[in-house]
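Take 0 as the starting number for the sequence shown in numbering that gives the first Met the number 0 and just add one per residue.
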Amino acid sequence: MTDIASALPVIRLKSDRTPGHPWVWSAQVHKPEGRIPPGSVVDVVDAKDRFVGRGFWNGHARIALRLLTADPAETIDASWIAARIGRAVRLRRELLGLDKTTDAWRVIHSEGDGLSGLIVDRYADILVVEYFAAGMWKFRDAIRDALLAHFPGARIYGFAETHVQKQESFDCRTSEPPAPVAVHEHGLAFHAAPGAGHKTGFFADQRDNRQRFAELAHGRRVLDLCCNAGGFAVHAIAAGAREATGVDMDAGILDIARANAAANKVAVDFQQADIFDWLRDAVARGEKYDAVILDPAKLTRDRNKVFDALKKYFAMNRLALDVIPPGGLLLTCSCTGLVSEADFLEMLRRVAINAGREIQILEVRGAGADHPVRADVPESRYLKAVFCRVE
């Protein structure tokens, strides 16, 4: 066995091959003899007792191991957490220069920043900390201290989804949500309300795509489907679109969308409706929109339902084509991480054939650079944003 100066519990893999991914599933490891509490830091060795890495153990979860380092000299402690958080903040501030553009950005993107099980988003002076792993929950005080060192005086709101707490065996009692705050991107203001029931009312991952769409939609008639808080429509009108309509089923989020339009002194017609019903009515009226965004919420978390999700994407996109005239733009998005980019593009190919239309793919983009993707964790590239011209 490789010499490692560590008194940590040891987990042995069934294979003598390096996992090649920071997640190791329960079926890939030998069950330890004694009980190791969920979220414990452990050493990992392969079937030949060679050191593989160090990370979080959780015998109750499907992801039994979250590997954090392959360096036996690194100790996973509060100082390690602080160093990783510091590296992530420097990336955003020094290399990406995000503070010049916006005060709403992702501070920590889980595996993308080497902090598996942790996501942190900034909304002005609010930091939203989401825990996906019992190990990160155990380090919550160290995480808080490290964040406050970079964002003095920030209000910190931590939470974990109920299903995550159940899967990972930890109990995160959520505090009272902070008061809503105004955030800014590319010169526009938007409402953010972490913990208020509509996620935040603002999705920073589409920031650069909103700006790009607005550039392309200049002088056009815009339709924002599944518009949420109206970010695409507001950006488009502010950049010179002729008019804009937003459609969403959620009455509460449309109130926020209208407030966003008012805050930026732009006029957008927001309508509450199911997009399928709305589009069928628009087709019957002969309506045409020469710049359309389709950005639905995540359609599934279940690998067994990916085919059903693709069928729904097909139906949405096929119907949307019927209101787009020749030469019109379509920005179609998927934030369903289980749907691959290849499958999403194949769905678009089938839509084009079914409609007898030519779809030219101009760009395929994802989330902003504050959502980095590790080369060995392609799943974390969840957002697909496909800019198209339709003939």
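A virtual CB, placed ideally from N, CA and C, is assigned to each residue, including glycine.
- In angstroms with no decimal places, state the Cα-to-Cα distance between R154 and E129. Numbered from 1 along the sequence shown, position 155 holds the residue referred to as residue 154. Numbered from 1 along the sequence shown, position 130 holds the residue referred to as residue 129. Rounded to the nearest angstrom, the two C-alpha atoms are 14 Å apart.
- Query: Between A351 and the rest of its own chain, which residues show a CB-CB distance below 6 Å, the 5 nearest in sequence each way excluded?
  - Reply: Translated into the one-based positions of the sequence shown, residue 351 becomes position 352. Around A351: I358.
- Looking at the structure shown, is T1 part of a helix, part of a strand, or coil, going by DSSP? For the purposes of this step, residue 1 is taken as the residue at position 2 of the sequence shown. Since pLDDT at T1 reaches only 45, below the 50 mark, its modelled position is unreliable, and the value read off the structure follows with that caveat. Coil.
- Message: Classify T173: buried if its beta carbon has 16 or more other beta carbons within 10 angstroms, exposed otherwise.
- Response: Here residue 173 corresponds to residue number 174 of the sequence shown, with the count starting at 1. With fewer than 16 Cβ atoms within 10 Å of its Cβ, T173 is classed as exposed.
- In the DSSP assignment, find the alpha helix (DSSP H) that holds G85 and state where it starts and stops. What you label residue 85 is simply residue 86 of the sequence shown in a count that begins at 1. Counting along the chain, the alpha helix (DSSP H) containing G85 begins and ends at 77-89.
- Message: As an exercise, report each continuous alpha helix (DSSP H) stretch of at least 4 residues that is fully enclosed by the stretch 299-365, in chain order.
- Response: 305-320, 340-354
- Query: Considering D289, what are the terminal residues of the alpha helix (DSSP H) in which it resides?
  - Reply: For the purposes of this step, residue 289 is taken as residue 290 along the sequence shown, with counting starting at 1. First-last for D289: undefined, no H or E at that position.
- Item | A132 beta carbon less than 7 Å from that of E160 | Taking the sequence shown and counting its residues from 1, one reaches residue 160 at position 161. Taking the sequence shown and counting its residues from 1, one reaches residue 132 at position 133. Taking 7 Å as the Cβ cut-off, E160 and A132 do not qualify as a contacting pair.
- Tell me, to the nearest whole angstrom, how far the beta carbon of T74 is from that of V51; I am working on the premise that it is less than 8 Å. Numbered from its first residue, the sequence shown carries residue 74 at position 75. Numbered from its first residue, the sequence shown carries residue 51 at position 52. The Cβ separation is near 16 Å, so there is no contact.
- Please work out which residues of its chain come closer than 6 Å, Cβ to Cβ, to M0, disregarding the five sequence neighbours upstream and downstream, and give them in chain order. For the purposes of this step, residue 0 is taken as residue 1 along the sequence shown, with counting starting at 1. With a pLDDT of only 42 at M0, under 50, the local geometry of the prediction cannot be trusted, and the value read off the model is given with reservation. Counting only Cβ-Cβ distances below 6 Å, and skipping sequence neighbours, we find D48.
- Message: Could you tell me the alpha carbon to alpha carbon distance between C332 and D342, rounded to whole angstroms?
- Response: Residue numbering aside, residue 332 sits at position 333 when the sequence shown is read from its first letter. Residue numbering aside, residue 342 sits at position 343 when the sequence shown is read from its first letter. In a straight line, the C-alpha of C332 is about 13 Å away from that of D342.
- Message: Output needed for P31: all residues of its chain with C-beta closer than 7 Å, excluding positions within five of it in sequence on either side, in chain order.
- Response: In the sequence shown, counting from the first residue as 1, residue 31 sits at position 32. Excluding sequence positions up to five before and after P31, its CB lies within less than 7 Å of the CB of P8, I10, all in the same chain and listed in chain order.
- Message: Using DSSP's beta-bridge definition, name the partner residues of V180.
- Response: Translated into the one-based positions of the sequence shown, residue 180 becomes position 181. In the DSSP output, where bridge partners are listed per residue, V180 has A191.
- Item | Where I274 sits in the DSSP three-state scheme | Counting from 1 along the sequence shown, the entry for residue 274 is found at position 275. Reduced to three states, the DSSP call for I274 is helix.
- How long is the line joining the alpha carbons of T100 and F189, rounded to whole angstroms? The residue you call residue 100 lines up with position 101 of the sequence shown. The residue you call residue 189 lines up with position 190 of the sequence shown. If you take the alpha carbons of T100 and F189, they lie about 14 Å apart.
- Please report how far the alpha carbon of S379 lies from the alpha carbon of C334, in whole angstroms. On the sequence shown, residue 379 is found 380 positions in, with the first residue counted as 1. On the sequence shown, residue 334 is found 335 positions in, with the first residue counted as 1. Taking the straight line joining both Cα atoms gives about 11 Å.
- Task: On the DSSP bridge assignment, give the partners of L114 in chain order.
- Result: As a working mapping, residue 114 is identified with position 115 in the sequence shown. According to DSSP, L114 bridges with nothing at all.
- Count the C-beta pairs between the stretch 212-231 and the stretch 285-296 that are closer than 8 Å, then say yes if the count reaches three, no if not. Using a C-beta cut-off of 8 Å, the stretch 212-231 makes contact with the stretch 285-296, since at least three inter-stretch Cβ pairs fall below that distance.
- Query: Across which residues does DSSP place G108 in a beta bridge pair?
  - Reply: As a working mapping, residue 108 is identified with position 109 in the sequence shown. Going by the sequence as given, residue 108 is His instead of Gly. Beta-bridge pairing links H108 to I118.
- Query: So is H183 buried or exposed if we call it buried at 16+ other beta carbons inside 10 Å?
  - Reply: Here residue 183 refers to the residue found at position 184 when the sequence shown is read from its first residue. H183 should be labelled exposed.
- Kindly confirm or deny that the stretch 204-211 and the stretch 362-375 touch, where touching means at least three C-beta pairs closer than 8 Å. yes
- Message: So for G54, helix, strand or coil by DSSP?
- Response: Here residue 54 corresponds to residue number 55 of the sequence shown, with the count starting at 1. G54 sits in a strand when the DSSP states are folded into three classes.
- Task: Express the C-alpha separation of G326 and P37 in angstroms, rounding to a whole number.
- Result: Taking the first residue of the sequence shown as position 1, residue 37 is located at position 38. Taking the first residue of the sequence shown as position 1, residue 326 is located at position 327. Distance between the alpha carbons of P37 and G326: 55 Å.
- Message: Buried or exposed, going by whether 16 or more other CB atoms sit within 10 Å of the CB of S109?
- Response: Within the sequence shown, numbered from 1, the residue matching residue 109 stands at position 110. So S109 ends up on the buried side.
- Would you mind reading off the limits of the beta strand (DSSP E) that contains A384? In the sequence shown, residue 384 corresponds to position 385, counting from 1. Run containing A384: 383-389, per the beta strand (DSSP E) assignment.
- Where the alpha helix (DSSP H) through E214 begins and ends: Along the sequence shown, one-based indexing puts residue 214 at 215. That run of the alpha helix (DSSP H) goes 206-215.
- Message: Measuring only the C-alpha atoms, how far is A178 from A103?
- Response: Locating residue 178 in the sequence shown gives position 179, where the first residue counts as 1. Locating residue 103 in the sequence shown gives position 104, where the first residue counts as 1. Roughly 16 Å separates the two Cα atoms.
- Query: In this structure, does DSSP put R220 in helix, strand or coil?
  - Reply: As a position in the sequence shown, residue 220 is number 221, starting the count at 1. R220 falls in the strand class under three-state DSSP.
- Query: To which residues of the same chain is D120 closer than 7 Å at the C-beta, ignoring the five residues directly before and after it?
  - Reply: By one-based count along the sequence shown, residue 120 stands at place 121. Counting only Cβ-Cβ distances below 7 Å, and skipping sequence neighbours, we find R105, V106, V127, A203.
- L97 to H29 span [Cα, whole Å]: In the sequence shown, counting from the first residue as 1, residue 97 sits at position 98. In the sequence shown, counting from the first residue as 1, residue 29 sits at position 30. C-alpha separation (whole angstroms): 44 Å.
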